[in-house]
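Student: Protein chains in written order, with this note's numbering: chain A, 57 to 666; chain B, 7 to 349.
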């Protein structure tokens, strides 16, 4: 590596193509947006503390609810998932990097460009206010530029997600170490593989929906304007053809994390591994056949509603299989409860409640009552917080040592868990009843005398508890960053390959590509008395990819183009696109030779095999 | 050790307290889905309960295994280094927890599909003698038209009890959703297409209606009321509506009527006359609420006319505070309150 690059850390982070650093970039920016989305949630809940309370007002409330949803899904959960995929999957499959390191970096920078653009609305005349779903014609007729930020910000970050998904598909198919067959892959890798496939098929629907929305808003087309022969329902279909798989895109990797964490802390092999893999794939497959259950009240008729109802109910079967397999992984085990496993074990009853209401929602006649009420708000927070966020927290405590080389404080971790767990249920459990008692969702206030006061008050208190829990977590991170205890290579007595190498992993990951001899490869070697993995190749020079600033430049180009387009500054917008194209051309014409780490420079304990 | 086990019970405490808190009531009886007062809402409530019971059954099984696991299979202390048996799985169990849920879902699916079709029954071609009401949603109010009776009204929906009333739902601007929780589930009002449903109120009463689709800043305030009456009372109301007069009774009301005719009538109709971009005010004096959300007092009416945006942010009615003096406002209120068909 050229020396000048090493000297400047900013330049290093801007140009890195190392999956571990990109993982950290994803995690840091995802955490930032998670805090932002959480703050938005707290403001929403304060507004709903009392009936007819005036705190932020109607217009700001709609911006907050839109940005809370959009931020949490696209700018917090997605990048955090991608952060863990980047940080862990190459290590788990015994690879030195992802298949396309350059594209990996491009994916991250496109995501950040989109995320920043989306949030600029706050400072430039108002954030988007048509809900995270952005239904037309509310979104096409929303005054100001708010929704334009939504359309272009999501479009740009969506491209990043799409190429990230493709990258991980190729990585997992092509980069597995010798002996790492598909049916020996850790569950996190498996679920991320399926998630990447879902991204590949789901995101294009969103891209189309947003593109049509963009044409309607910026160029005067009438795709969704009924008075001109358009049809707003088409947008709903496009959105949910993406939107439902998106739920599984988020939750499947979390399922993968739980599978590994529960197995590790039970000191047992995952119960029913092949059933787990099959169930995950089936959930992903069925996830594309159920989108209309978000649209039962649109008026598509009883035939469509019935078909999609039954398809939706079917998803409960593989999901139930997973729950029981987790329970039986712990059955007969030696279960310990560090913070990572507390979140995993706390996930089970929380998510089961979300699954229960999911089945209840799949019944169209009953859904006519639940739909767009607080019952739905309760349901999807049980799924997304109880499933995805608990998974991200569990993965965060579990893999922190591998990513940063230190261990998070367990006392603060447990405090974080209990505050969050209690706050979570206190916030969202009463919302089921709010919905059943007739409170629609996305309302900035409610009148007194409708028996909605107590449950709303309780929900807001719960939200404060979750806020305090999050502050505890941030404090834990700061403490650990300042004076964290050094972690060993394998602090949890892990089972999978990432625990076989040093913490944090060296930039080349494996000095010698390991030979995989079964499921839970590292556990098998440890039980066989080996201190390191058996290498599959002789020690040799390691070829590394070149760092590049081009992904940043290309993303900057699209950012400029998007921002200028919102203000109809077409010359600047074209300039931005030209910058992106120039980046693409440069990438195509410049030869990247990479560089080598010579075998003499590798540390002695870096895996000298036989 | 024994104490430690009880730690797991704690996690259910907040849950239980919240259940106790919220179950103290089923909500406001004019608004809640839990005390259904209509044929549709009852069908829906029964399915809600059926699915809930099935799901509680599943939850109990999960909770049982979960509790046993957490109590029996804890690691006891740091020096507990025993390696448990590395079980691969169990085919019989896998088959069991695949097939039992499928059977449970079939039990749920059959009545679900039946009810889905039953709720749609007759909506495309209502019986000859059935009442049909056209509902048009606007930002942020509701228009109700009875085409056979040639009546138009807004905000308060009058319907007869004990029969299925058929609705044709549409929207004038953005998507809304028409929801009367105590009588039945919601249906979206879309632009460009007409949706159809029926509601059937078991007993006379006033039921709250809501908009359930985000439609702009005042989405939360897009309330309406359903006033269900015995068929005879409804027929009497309809006849009075058809013959409603807009004649002012007092001098002050007379002045109000002149003011109304100069400006308001461009958007608001009374009887058959007037524009239709704003709510029809034929029976304004009968309404319990002003604009669906404010108590029906003179002060609120004046405040609304002076500055509607203060009460419903983003609504389309201009503020008249600068154009009307207090005397004129009083006159308008007097006139509007006189627009009654009921005693």
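All residues carry an ideal CB built from backbone N, CA and C; glycine is no exception. No experiment lies behind these values; they were computed from the predicted model shown.
If the cut-off is 9 Å on Cβ atoms, which residues from the segment 239–269 of chain B count as contacting chain A, listed in chain order?
Tutor: Residues: none.
Student: Quick check on the DSSP output: what are the complete alpha helix (DSSP H) runs of length 4 or more inside the segment 66–149 of chain B, in order along the chain?
Tutor: Segments of the alpha helix (DSSP H) lying fully in the segment 66–149 of chain B: 97–126.
Student: Given that a residue counts as buried once 16 or more other Cβ atoms are within 10 Å of its Cβ, and exposed if not, what is residue 89/B?
Tutor: Exposed.
Student: If contact means a Cβ-Cβ distance below 9 Å, which residues of the segment 376–387 of chain A contact chain B?
Tutor: Those would be 376, 377, 379, 380, 381, 383, 384, 385, 386 and 387, in chain order.
Student: Below 7 Å CB to CB, which residues in the same chain sit around residue 94/A once its five sequence neighbours on both sides are set aside?
Tutor: These residues qualify, in order along the chain: 523 and 526.
Student: How would you list, in chain order, the residues of chain A whose beta-carbon sits under 8 Å from the beta-carbon of residue 212/B?
Tutor: What residue 212/B touches in chain A: nothing, since even the nearest Cβ is about 13 Å away.
Student: Give me the residue from 185/A, 334/A and 567/A with the minimum Cα distance to residue 207/A.
Tutor: With distances taken between Cα atoms, residue 207/A lies closest to 185/A.
Student: Alpha carbon to alpha carbon, how far is residue 287/B from residue 188/B?
Tutor: The alpha-carbon atoms of residue 287/B and residue 188/B are separated by roughly 26 Å.
Student: Is the beta carbon of residue 324/A sitting closer than 8 Å to the one on residue 376/A?
Tutor: No, Cβ-Cβ distance for residue 324/A and residue 376/A is not below 8 Å.
Student: Hey, would you say residue 316/A sits closer than 8 Å to residue 244/A, going by beta carbons?
Tutor: Their beta carbons are under 8 Å apart, which means residue 316/A touches residue 244/A by this criterion.
Student: Tell me where the alpha helix (DSSP H) around residue 142/A begins and ends.
Tutor: From DSSP, the alpha helix (DSSP H) with residue 142/A extends over 134–148.
Student: For residue 279/A, collect the residues of the same chain with a Cβ closer than 6 Å to its Cβ; drop the 5 residues on either side in sequence, then sort them by chain order.
Tutor: If we look at residue 279/A and ignore the five residues flanking it on each side, its Cβ neighbours are 268, 272 and 286.
Student: Against chain A, does residue 352/B count as a neighbour if the rule is that its beta carbon must be under 8 Å from one of theirs?
Tutor: The first residue shown for chain B is 7 and the last is 349, placing residue 352/B beyond what the model contains.
Student: Kindly indicate if chain A contains any beta-carbon less than 8 Å away from that of residue 170/B.
Tutor: For residue 170/B, the answer is no, since every Cβ of chain A falls outside 8 Å of its Cβ.
Student: Between the segment 202–221 of chain B and the segment 302–309 of chain B, do at least 3 Cβ pairs fall closer than 8 Å?
Tutor: Touching, no, given that fewer than three Cβ pairs across the two stretches are closer than 8 Å.
Student: Taking the alpha-carbon positions, what's the residue 154/B to residue 56/B distance?
Tutor: Rounded to the nearest angstrom, the two C-alpha atoms are 39 Å apart.
Student: Let's see if you can read the secondary structure: which residues bound the alpha helix (DSSP H) around residue 315/A?
Tutor: First-last of the alpha helix (DSSP H) with residue 315/A: 288–322.
Student: Along the chain, where does the beta strand (DSSP E) that runs through residue 329/A open and close?
Tutor: Per DSSP, residue 329/A belongs to no beta strand (DSSP E); it is in the alpha helix (DSSP H), 329–342.
Student: Sort out for me which residues DSSP pairs residue 162/B with in a bridge.
Tutor: According to DSSP, which records beta bridges pairwise, residue 162/B is partnered with 231/B.
Student: Under a CB-based cut-off of 8 Å, is residue 273/A close to chain B?
Tutor: Output row for residue 273/A: interface = no.
Student: Below 8 Å on the Cβ atoms is my contact criterion, and I expect residue 233/B with residue 163/B to pass it. Report the Cβ-Cβ distance as a whole number of Å.
Tutor: The Cβ separation is near 7 Å, so the contact holds.
Student: Rounded to whole angstroms, what's the CA-CA distance from residue 348/B to residue 274/B? Just pull it up for me.
Tutor: Going from the Cα of residue 348/B to the Cα of residue 274/B covers about 20 Å.
Student: If the cut-off is 7 Å on Cβ atoms, which residues from the segment 221–237 of chain B count as contacting chain A, listed in chain order?
Tutor: The segment 221–237 of chain B vs chain A, Cβ under 7 Å: 221, 222, 223, 224, 225 and 226.
Student: If we ignore side chains and look at the alpha-carbon of each, how far apart do residue 666/A and residue 593/A end up?
Tutor: With a pLDDT of 30 at residue 666/A, under the threshold of 50, the modelled position of this residue cannot be trusted, and the question is left open.
Student: Take the Cβ of residue 160/B as the centre, count every other Cβ of all protein chains shown within 10 Å, and call the residue buried at 16 or more, exposed below.
Tutor: Classification of residue 160/B: buried, given that the 10 Å Cβ count is 16 or more.
Student: Whole angstroms are fine: how far does the CA of residue 598/A sit from the CA of residue 657/A?
Tutor: Using only the alpha carbons, I get a separation of about 10 Å.
Student: Along the segment 89–105 of chain B, where does the CB come closer than 8 Å to a CB of chain A? Name the residues.
Tutor: Answer in chain order: 89, 90, 91, 92, 93, 94, 95, 96, 99, 100, 103 and 104.
Student: Taking the CB atoms as reference points, tell me whether residue 211/A and residue 552/A lie closer together than 8 Å.
Tutor: No, Cβ-Cβ distance for residue 211/A and residue 552/A is not below 8 Å.
Student: For residue 141/B, which of 318/B, 110/B and 285/B has the nearest alpha-carbon?
Tutor: Closest by alpha carbon: 285/B.
Student: Step through the CB atoms of chain B and report whether any lies within less than 8 Å of the CB of residue 390/A.
Tutor: Chain B contact via Cβ: present.
Student: Could you tell me whether the Cβ of residue 666/A comes closer than 8 Å to any Cβ of chain B?
Tutor: Because the pLDDT at residue 666/A is just 30, under 50, the model does not fix this residue reliably, and the value given afterwards should be weighed accordingly. Chain B, which has no Cβ nearer than 8 Å to the Cβ of residue 666/A, makes this no.
Student: Rank 153/A, 511/A, 643/A and 625/A by C-alpha distance to the C-alpha of residue 78/A and give the top, closest one.
Tutor: It is 153/A.
Student: Which of helix, strand or coil does DSSP assign to residue 201/B?
Tutor: Strand.
Student: Rank 401/A, 343/A and 567/A by C-alpha distance to the C-alpha of residue 374/A and give the top, closest one.
Tutor: Comparing Cα positions, the closest option is 343/A.
Student: Identify the continuous beta strand (DSSP E) that holds residue 110/A and give its terminal residues.
Tutor: Unbroken run through residue 110/A: none, as it is neither H nor E.
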